[in-house]
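Remarks on the structure that follows.
Residue numbers (UniProt numbering): 1 to 593.
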């Protein structure tokens, strides 16, 4: 068994490092689901076989005298055959790349490999949170594995009951791995990882207080389900966050750390249980027996919940939005940004009320980005396509007359759907920078708040129309409604609405920005054109996927999104760190009002 575990230390990191290179990034979670289901989804079958063998062990030894006193050997022979079959299957795979050029990396000592592994995970706040969470999860798992047989015995069960409990754990794991990502498809993966680990800890605490075996089975299934969600989410995020060249080393480090933790807990948990012993608590005429295994489960659950909370805090990606709000909105389908397909380019949207200077600033930003070597596509809504031009005349022309608010919202959504399909997404797939003067936040503000529709319903329509394509950055130029309207010489159908309409629009924009500060830059629109432009390029310059940033600091390209998000939350619009490369402003051309 020691040799098998030693070989696993080679196999597991190699497998985990290979999978992200074999599947598209957006399919990595599905690939991890299949991989983990293959590993843990078969465990309930094994548990059933174990239970059957436990019940029929006497009959088997009579039929096969060679196994008398060694009935476990049957399972070992089956395991050996399964290993052989898996080895042949992997050997025959042609998709796995091999090093045919003879390039070899310099050999490292074990200590050096561990040091490099630690460096690769310690630099990123997200990866640190993942490692903390995984260690916490396996600490709790080790306590359960080490004391499961004792726990079942304390409840009056035997080997067959242990097999049922074992099967319940892995049935829950399989359910969590297979169904969890679909149920929580709209939920932030960073939040989901820590939250599911906290839930696992609470259910382990609940399990420690149960004295009925039947009830404990159901609790164990739920516990396993949340653990499965934690497991698949953690490995998916780790595969996405780690650079290709150090992925194998990182996974090796993680696997080694997990195994060390598991072994340590397996050794310590029985000692804690034995030290605690058995205690009888009498309440009136009722006696409650609390034994060492239950006490250890209680401690392990508390530790798992605490570590899950710490991990959640490490990776909290929406600091101003409550967890409960995210849970409710996820079940309503309100967090569609999580499920949008990834794109290569950069998508920037300008938002704001009337007369805020969005068009001027979008042209200035385009000029600056082109100076930096970017290919830029500048567009607008409505009217960014031939179809959109016709819709723009309908939506903004006075000759159209009155349009029902719902029809107006649907017309904007139709314009946006075609805009994304024909202009925005193709440009992003090419790796271009797309700048749009208005996007779907305008619908939420104008039709949702301005027309007094339900903003969440308007948002849902826009998410469906755009296939949940969210901007990399939304720049909100904010100023009092009356200030912007005073700048207009003539007004279209929307601009002609009364001031209270436009003030509702402004407040909705600010509320949207407050809910998702990482995606928004809010700029005071009462400043000069030059001052606004300077603040915008300071923030845009931090976007990690721009060419200007790809040319420098290549080794830390995976950390830049984290720094970008952190600076967005910590600094707001008051102060944004300057990038290493000097920021050149575009020349401001005076335009006629």
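Cβ atoms here follow ideal geometry from the backbone N, Cα and C, with glycine treated the same way.
Query	Result
Going by DSSP, what residues sit across from residue 349 in a beta bridge?	436, 474
Secondary structure at residue 287, three-state DSSP: helix, strand or coil?	strand
State the CB to CB distance for the pair residue 503 and residue 486, rounded to an integer number of angstroms; the pair is presumed to be in contact (CB under 8 Å).	That pair is no contact at about 14 Å.
Quick one: give me the first and last residue of the alpha helix (DSSP H) that residue 379 is part of.	No alpha helix (DSSP H) holds residue 379; the beta strand (DSSP E) holding it covers 376-380.
Which same chain residues, not among the five before or five after residue 225, have their C-beta less than 6 Å away from its C-beta?	172, 175, 176
On the three-state DSSP scale, how would you describe residue 387?	helix
Measuring straight from C-alpha to C-alpha, what distance separates residue 528 and residue 534?	10 Å
CA-CA distance, residue 494 and residue 375?	33 Å
Would you list the residues sitting across from residue 177 in a DSSP beta bridge?	Beta-bridge pairing links residue 177 to no other residue.
Of all the options 419, 400, 365, 412, which has the alpha carbon lying nearest to the alpha carbon of residue 385?	419
Check each candidate in 200, 290, 350, 546 and name the one with the smallest Cα separation from residue 438.	350
Expressed to the nearest angstrom, what Euclidean distance is found between the alpha-carbon atoms of residue 410 and residue 461?	8 Å
Quick one: what does DSSP say residue 523 is sitting in, helix, strand or coil?	strand
Within a Cβ cutoff of 7 Å, which residues of the same chain sit near residue 298, ignoring the five residues on either side of it in sequence?	205, 208
Residue range of the alpha helix (DSSP H) that residue 415 falls in?	405-419
Mind checking whether residue 361 and residue 536 have CB atoms under 9 Å apart?	yes
Taking 8 Å as the cut-off, does the CB of residue 136 come closer than this to any heavy atom belonging to the ligand ZN?	Looking at this structure, you won't find the ligand ZN or any other ligand, since it has none at all.
How would you call residue 484, buried or exposed, if buried means at least 16 neighbouring beta carbons within 10 angstroms?	buried
Would you mind working out which of 152, 345, 365 sits nearest residue 432, comparing C-alpha positions?	345
When you compare the CB positions of residue 476 and residue 427, do they come within less than 9 Å of one another, or not?	no
Straight-line CA distance for residue 549 to residue 541?	8 Å
Considering Cα atoms alone, identify which of 263, 193, 444 is closest to residue 235.	193
Three-state secondary structure (DSSP) at residue 217?	helix
Label residue 446 either buried or exposed according to how many other C-beta atoms from any shown protein chain fall within 10 Å of its C-beta, with 16 as the threshold for buried.	buried
Quick one: Cα of residue 151 to Cα of residue 294, how far?	7 Å
Is there at least one Cβ from chain D nearer than 9 Å to residue 155's Cβ?	Judged by its chain identifiers, the structure shown contains no chain D, having just a single protein chain.
Taking all protein chains shown into account, decide if residue 538 is buried (16 or more other Cβ within 10 angstroms of its Cβ) or exposed.	buried
How should residue 441 be labelled, buried or exposed, when 16 other C-beta atoms within 10 angstroms of its C-beta is the threshold for buried?	buried
Can you give the Cα-Cα distance for residue 161 and residue 303, rounded to whole angstroms?	27 Å
Going by DSSP, what residues sit across from residue 282 in a beta bridge?	287
With DSSP collapsed to three states, give me the class of residue 452.	coil
Which residue marks the beginning of the alpha helix (DSSP H) containing residue 515, and which one marks its end?	499-515
With a threshold of 16 other CB atoms inside 10 Å of the CB of residue 291, please say whether the residue is buried or exposed.	buried
Can you tell me where the alpha helix (DSSP H) with residue 424 in it begins and where it stops?	Where residue 424 is concerned, there is no enclosing alpha helix (DSSP H), given that its DSSP letter is neither H nor E.
If you measure between the beta carbons of residue 545 and residue 348, is that distance less than 9 Å?	no
If you drop the 5 nearest sequence neighbours on each side, which residues of the same chain put their C-beta closer than 6 Å to that of residue 451?	405
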